[in-house]
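Asker: Protein sequence lines, in the order shown, are assigned to chains A and B.
Per our numbering, the very first residue in the first sequence carries number 56; after that it's consecutive.
Per our numbering, the very first residue in the second sequence carries number 56; after that it's consecutive.
Mind looking over this structure? Questions follow.
Number of protein chains: 2
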Amino acid sequence: MRSRPIGVFDSGLGGLTVFKALAARLPHESLIYFGDTAHVPYGSKSKEAVTAFSISIGRFLEKQGIKALVVACNTASALALKDLKRALRVPVLGVIEPGVRAVGREYDRSHGAGRISPPGGAPVRARSVGVIATEATIASGAYQSALRLRDPRLRVVGAACPLFVPLVEEGWWSHRVTREVAAEYVRPLKKARIDTLILGCTHYPLLKGVLRSVVGRSVRLIDSAEETARATERLLVSESLARTTGTPKHRFFASDGPDRFLRLARRFLGVGVDTVEIRRLD
Amino acid sequence: MRSRPIGVFDSGLGGLTVFKALAARLPHESLIYFGDTAHVPYGSKSKEAVTAFSISIGRFLEKQGIKALVVACNTASALALKDLKRALRVPVLGVIEPGVRAVGREYDRSHGAGRISPPGGAPVRARSVGVIATEATIASGAYQSALRLRDPRLRVVGAACPLFVPLVEEGWWSHRVTREVAAEYVRPLKKARIDTLILGCTHYPLLKGVLRSVVGRSVRLIDSAEETARATERLLVSESLARTTGTPKHRFFASDGPDRFLRLARRFLGVGVDTVEIRRLD
């Protein structure tokens, strides 16, 4: 069981940022990635559609013998996680909880775990957290409710950033246009004086430089990719599923392609992908 | 037969610019529109995928009793038109031929039909035509070969503009960012000193203002939507299928939605759409 691969899926290539973080943190685990490039992007689609796509992919990956599934897509995590957990037998992990947990952890660290007021006694001002994500993720309210559940004092401001995914896929990671678009999208978040910004889409870590420059150095950026790899490690250890020796074998699947997948994969992974296997799941 | 509707389809909402032109030119024809919003956009997908999606939609529309099919999507016209014509019984019309024909017509008008040299006798300088479209349309070479077939003297320069569709869908039709993106995309076309620019994607007519400002007043803009409506009229007349009296009844279908479809339709049509019927064709 331990030697089985972990399934990782996304609407397209953005989830490769999570794949990369998983491969770095869990160097002995084999990973099977599925990019739903026939339906990409999920961020502007309905809950029904995203749930149907996600369950097809989850079932396909279960047939490949995975021991756990990482939903490396914020939109699918926001809209389809509950249904996916019901539909599959393997443990399923999304990217939203890990990001939210990281906000809490940082909070506890700076103010003392479990305290309502800091050691000095004065009440702690509720922190202000910004979330940037796709239209569908923001509209779902998934981050907003998970954050408030964790700490009702948090002020949460969300902003949909529909142009970020196409800008990343165009390779304009530090282009002047991207900076202008980012400045416009984060304006309401700056106005709300956020101190933490969750990158609520797996494409966005590639825009960290631009985002840092528009929100300023004082705002903490939370990258779901790294947090999700950490959460996956915890899950595997707690379920006694972790593989701690041996050389991993990774496989890549996509529902359309393969040209675009192979061309863009290097941007997300930093290394090239040799082969992507095409599977239409419709 | 004449009273049957015309089918019109696109990957999403862009084809509504063609729908609008058809409704204006053929006010007695009923139209059935299908927007493949579960798979949108087509512009970054493979020939195989776009062909499979297009044939499913064509068959669905044939079952609705259409008398002709207008492929109101440049990517589907570039990648799937031949296969669609083979798969369906009704006449099928794409958006590329009409745009190309318009270039030729303007050319003939300014230089005398069928002449290689103008009345004065001096040889006519080959004109330079720019084509802006999605990645898949440009990569297919469909415009380039159709234009050269029509007039081998034409110089053709294509530019893929992957950010235009998301910018239109974001509603940033005359935004400063859109102007900057447009300036960057058309730079090679301006360098090639184009005198004509084909808007090779049904979303682009909404960017006419921005495009006009970046290419200058001397460049002729060719809008496939209007040209396609004209070509559809010719087809219906020649096949004795035109309906010239009576009140039309339009229907709208989408493969995902309906919220986004209903919200964005007004942008493309200028009027709202009351109902969109959802059909998953997977």
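Backbone N, C-alpha and C fix where the C-beta goes; we use that ideal spot for every residue, glycine too.
For D278(B), write down the residues that DSSP places opposite it in a beta bridge.
Answerer: DSSP lists L254(B) as partners of D278(B).
Asker: What's the gap between the Cα of C216(B) and the Cα of A238(B)?
Answerer: Those two C-alpha atoms are separated by around 11 Å.
Asker: Which class does Y240(A) belong to by DSSP, given the choice of helix, strand or coil?
Answerer: Reduced to three states, the DSSP call for Y240(A) is helix.
Asker: Does DSSP put Y88(A) in a helix, in a strand, or in coil?
Answerer: Strand at Y88(A).
Asker: Out of E235(B), L276(B), R306(B), R321(B), which has the shortest C-alpha to C-alpha gap to F219(B)?
Answerer: With distances taken between Cα atoms, F219(B) lies closest to E235(B).
Asker: As a quick exercise: from P82(A), A76(A), F89(A), R57(A), pick the residue whose alpha carbon is nearest that of K65(A).
Answerer: Note on residue identity: the sequence assigns Asp, not Lys, to residue 65(A). With distances taken between Cα atoms, D65(A) lies closest to F89(A).
Asker: If you measure beta-carbon to beta-carbon, which residues of the region 112-142 of chain A are closer than 8 Å to chain B?
Answerer: Within the region 112-142 of chain A, no residue qualifies.
Asker: Mark D91(B) as exposed unless 16 or more other C-beta atoms lie within 10 angstroms of its C-beta, in which case mark it buried.
Answerer: Per the 10 Å Cβ criterion, buried.
Asker: Classify A214(A) as helix, strand or coil using the three-state DSSP reduction.
Answerer: The answer is strand: DSSP assigns A214(A) an E or B state.
Asker: From P60(A) to I121(A), what distance separates their C-alpha atoms?
Answerer: Spanning the two alpha carbons is a distance of roughly 5 Å.
Asker: Here's the rule I'm using: 16 or more other beta-carbon atoms within 10 Å means buried, otherwise exposed. How should V292(A) be labelled?
Answerer: Classification of V292(A): exposed, given that the 10 Å Cβ count is below 16.
Asker: For S273(A), does the count of other Cβ atoms within 10 angstroms reach 16, so buried, or fall short, so exposed?
Answerer: So S273(A) counts as exposed.
Asker: Please report whether the beta-carbon of M255(B) lies at a distance below 8 Å from any beta-carbon of chain A.
Answerer: In the sequence as presented, Met is not what sits at residue 255(B); that position holds Gly. Not an interface residue.
Asker: In three-state DSSP terms, what is S172(A)?
Answerer: At S172(A), the pLDDT of 43 sits below 50, so the modelled position is not reliable and the matter cannot be decided from this model.
Asker: Of the residues R318(A), S310(A), A284(A), which one's Cα is nearest the Cα of L81(A)?
Answerer: Residue A284(A) is the option with its Cα nearest to L81(A).
Asker: So, are the CB atoms of L290(B) and L148(B) less than 8 Å apart?
Answerer: Cβ distance < 8 Å, so L290(B) and L148(B) count as in contact.
Asker: State the DSSP-derived secondary structure class of L148(A), mapped to helix, strand or coil.
Answerer: If DSSP states are grouped into helix, strand and coil, L148(A) belongs with the strands.
Asker: Restricting to Cα atoms, I'd like to know which of V184(A), P260(A), P221(A) is closest to R96(A).
Answerer: Correcting the residue type first, residue 96(A) is Pro in the shown sequence and not Arg. Nearest option by C-alpha distance: P221(A).
Asker: For the region 205-227 of chain A, list every residue whose C-beta sits within 9 Å of some C-beta in chain B, in sequence order.
Answerer: So the close ones are P217, L218, V220, P221, L222, E224, E225, W227.
Asker: What's the C-alpha gap between T257(B) and K75(A)?
Answerer: C-alpha separation (whole angstroms): 37 Å.
Asker: Can you tell me whether R272(B) is helix, strand or coil according to DSSP?
Answerer: Coil at R272(B), not helix or strand.
Asker: Taking Cβ positions only, does R321(A) come closer than 8 Å to chain B?
Answerer: No, its Cβ sits nowhere closer than 8 Å to a Cβ of chain B.
Asker: Please work out which residues of its chain come closer than 7 Å, Cβ to Cβ, to A320(A), disregarding the five sequence neighbours upstream and downstream, and give them in chain order.
Answerer: Counting only Cβ-Cβ distances below 7 Å, and skipping sequence neighbours, we find L68, L71, G327, V328.
Asker: Compare the Cα-Cα distances from A133(A) to each of D314(A), R160(A), V269(A), A194(A) and report the closest residue.
Answerer: For the residues D314(A), R160(A), V269(A), A194(A), the minimum Cα distance to A133(A) belongs to A194(A).
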